[in-house]
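One structure below.
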Amino acid sequence: MFLRFPVAFISISAYIVAIDFAVGGDPWSLQRDIPFAQVNGRPIQLDVYSPLEKSLDGVIVWIHGGAWQRGSKENPPILALVEKGWPVVSIDYRLSGEARFPAQIHDIKAAIRFLRAKAQEFGFRAKRVFIFGASAGGHLAALAGVTNGVENLEGFATDNCEQSSDIQGIVSLYGASNLTTILNQSTPHGLSVRIPALELFIGGRPENVPSVAQQASPVFHVDKNVPPLLIIHGDQDPQMPINQSIELLGKYEEFGLDVSFVPLHGAKHGGKEFYDDKHIEMMHKFLMGIQ
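If you number the sequence shown the way the numbering used here does, the last residue is 295 and the count never jumps.
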């Protein structure tokens with residue numbers, strides 16, 4: 005049984021601030037720095053990239069990486085999907101130096117509820133929300149996606165509580181899935197990055213905080229009701245073991261679920277090859293195939 009951990013209270017902003025449309029030479033409109041939550045008086049913001057033509061049925065939420073302790077919503081690498089008709093929303097969330105897990109998941113789910121509440125104002129349809137992420141963002145995307153309806157990961161916000169935070173499809177790019185096994189799978193380089201990152205993210209090494217490590221691991225939440233999943237991972241990744249993706253694949257297969265696993269031969273941890281025309285088209289077709 006997973007425990008509930010105290011986190012900072014999130015208050016969803018009841019309004020949208022002035023919107024800056026930056027069309028220029030880009031094939032999308034950009035609404036930047038929209039606050040969707042406030043924590044201790046600090047706004048947490050998102051950017052909305054909208055197709056210039058009619059949007060497809062759904063919205064993509066992008067979760068950035070950075071070992072849970074750095075990174076931002078700026079310059080999401082999947083903007084080619086906007087050209088295919090998908091609205092893309094890139095969000096910030098509390099980093100681990102500010103708040104430990106599950107604050108990050110609370111923020112992601114708050115953002116999804118906010119987007120559904122404001123979908124008409126943004127000009128897209130948010131009944132279907134798809135979540136994408138890379139590295140630590142891939143882990144958070146997978147975790148948010150497989151925890152639809154898990155009450156103790158919803159957070160404590162009261163605004164937009166009539167909206168669902170459910171996710172209809174997941175794309176995880178070279179992300180973690182099992183924090184209880186990741187250290188045993190890691191290279192020396194991976195350990196040098198992962199141990200301090202985990203200590204900051206979950207409050208200790210996984211073996212010292214086992215219940216938190218399990219709660220923060222997507223593999224422990226998979227059941228017959230989780231949404232379709234696309235996993236892409238480099239088979240030469242020195243930082244995030246590819247076995248992390250294989251574990252999540254195996255759990256989906258155990259339940260006979262809709263999952264696709266794409267190993268990129270020779271690829272390391274990230275890089276342009278994950279977002280080239282071939283793989284953007286693969287992501288697009290994955291979304292189009294979700295009923």
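Ideal Cβ positions, reconstructed from N, Cα and C, are used throughout, including at glycine.
Small disclaimer: the values here were computed from a predicted structure and weren't measured.
Quick one: what does DSSP say serine 196 is sitting in, helix, strand or coil?
In this structure, serine 196 counts as helix in the three-state DSSP scheme.
Could you say which of Asn164, Lys131, Ala103 and Leu204 lies nearest to valine 65 if we only look at CA atoms?
Selected option, being the one with the closest Cα: Lys131.
Return the bridge partner residues of histidine 237 from the DSSP annotation.
Its beta-bridge partners are Pro267.
Counted within 10 angstroms of its Cβ, other Cβ atoms place arginine 98 as buried (16 or more) or exposed:
Result: buried.
Rounded distance between the beta-carbons of alanine 145 and isoleucine 206, thought under 8 Å
Their Cβ separation, rounded to whole angstroms, is 17 Å, which puts isoleucine 206 and alanine 145 out of contact at 8 Å.
Can you list, in chain order, the residues of its chain whose CB lies under 8 Å from that of glycine 89, leaving out five sequence neighbours each side?
Pro55, Glu57, Lys58, Ser59 and Leu60, listed in sequence order.
So what does aspartate 132 bridge to, in DSSP terms?
Reading the sequence as shown, one finds arginine at residue 132 and not aspartate. According to DSSP, arginine 132 bridges with nothing at all.
Which runs of the alpha helix (DSSP H), 4 residues or longer, sit entirely within the stretch 73 to 134?
If we require 4 residues or more, the alpha helix (DSSP H) runs fully inside the stretch 73 to 134 come out as 84 to 87, 107 to 121 and 123 to 126.
Does the separation of the CB atoms of glycine 173 and proline 232 fall below 7 Å?
Yes, the Cβ-Cβ distance between glycine 173 and proline 232 is below 7 Å.
CA nearest to the CA of isoleucine 186, picked from Glu102, Leu50, Glu125 and Ala217:
When each option's Cα is compared against that of isoleucine 186, the closest is Ala217.
Reduced DSSP category for glutamine 172 - H, G, I as helix; E, B as strand; rest coil
Glutamine 172: coil per DSSP, three-state reduction.
Beta carbon of leucine 291, beta carbon of phenylalanine 134: below 7 Å?
In this structure, the beta-carbon distance from leucine 291 to phenylalanine 134 falls below 7 Å.
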